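The block underneath contains the structure these notes are about, expressed in structure tokens.
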């Protein structure tokens, strides 16, 4: 069994035991494996040694991600002009399942994203509705029309379709399981002015 499949199973177990995740979207029943070439990014090689403090329920996903990291396709949506070099040096994500993920699903998109400490993921939006479920670290979220919220491992923050939002990581790296649902599953986030 590949490490990517083990990661998928760890994420599925987390999804199924969390009422926050299952209440947001059921686990997709159309997940099918795809062959994707491993693609590293700036954080891939150091992921195993990074301090990722999770919780009892998120620790198995963190462990599986560390093992699978070298065989995953890591992505970065933005350019240096969009977010700056420091952001790109400490940011990366995988699409575990979804329209273009390691496992295809047309019903739901599931990412795992990593952001380094003391980063501002500036105002952005996307058509799909979104839920950040914190695996490790803490972050403060701001969203247009909503109160600022700090999330810790096992806690979540949802954003509506096209709702501008930003995230600020604190003194630890931030790792999240991110779900997209609804229209715009194949889209990408875009930087916006709130």
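Residue numbers (this note's numbering): 123 to 316.
For every residue, glycine included, the Cβ atom is placed at its ideal position computed from N, Cα and C.
Just so you know, these numbers come straight off a predicted model, no measurement behind them.
Rounded C-alpha distance that separates residue i from residue j
i: residue 172; j: residue 227; result: 30 Å
i: residue 137; j: residue 145; result: 10 Å
i: residue 175; j: residue 298; result: 12 Å
i: residue 132; j: residue 169; result: 17 Å
i: residue 237; j: residue 214; result: 7 Å
i: residue 182; j: residue 147; result: 21 Å
i: residue 218; j: residue 191; result: 11 Å
i: residue 189; j: residue 125; result: 6 Å
i: residue 142; j: residue 301; result: 11 Å
For residue j and residue i, believed in contact at Cβ under 8 Å, the rounded distance
i: residue 312; j: residue 224; result: Residue 312 to residue 224, Cβ: 24 Å. No contact.
i: residue 291; j: residue 241; result: 5 Å
i: residue 264; j: residue 230; result: Their Cβ separation, rounded to whole angstroms, is 25 Å, which puts residue 264 and residue 230 out of contact at 8 Å.
i: residue 195; j: residue 216; result: 6 Å
i: residue 164; j: residue 211; result: 5 Å
i: residue 310; j: residue 180; result: That pair is no contact at about 26 Å.
Those residues which DSSP pairs with residue i across a bridge
i: residue 264; result: 288
i: residue 271; result: 263
i: residue 216; result: 234
i: residue 209; result: DSSP lists no partner for residue 209.
i: residue 246; result: 287, 313
i: residue 303; result: 251
Residue i burial status per 10 Å Cβ neighbour count (16 or more: buried)
i: residue 167; result: exposed
i: residue 220; result: buried
i: residue 151; result: exposed
i: residue 207; result: exposed
**alpha helix (DSSP H) segments (min. 4 residues) lying fully within the stretch 158-196** = Listed in chain order, the complete alpha helix (DSSP H) runs (minimum 4 residues) inside the stretch 158-196 are 181-190.
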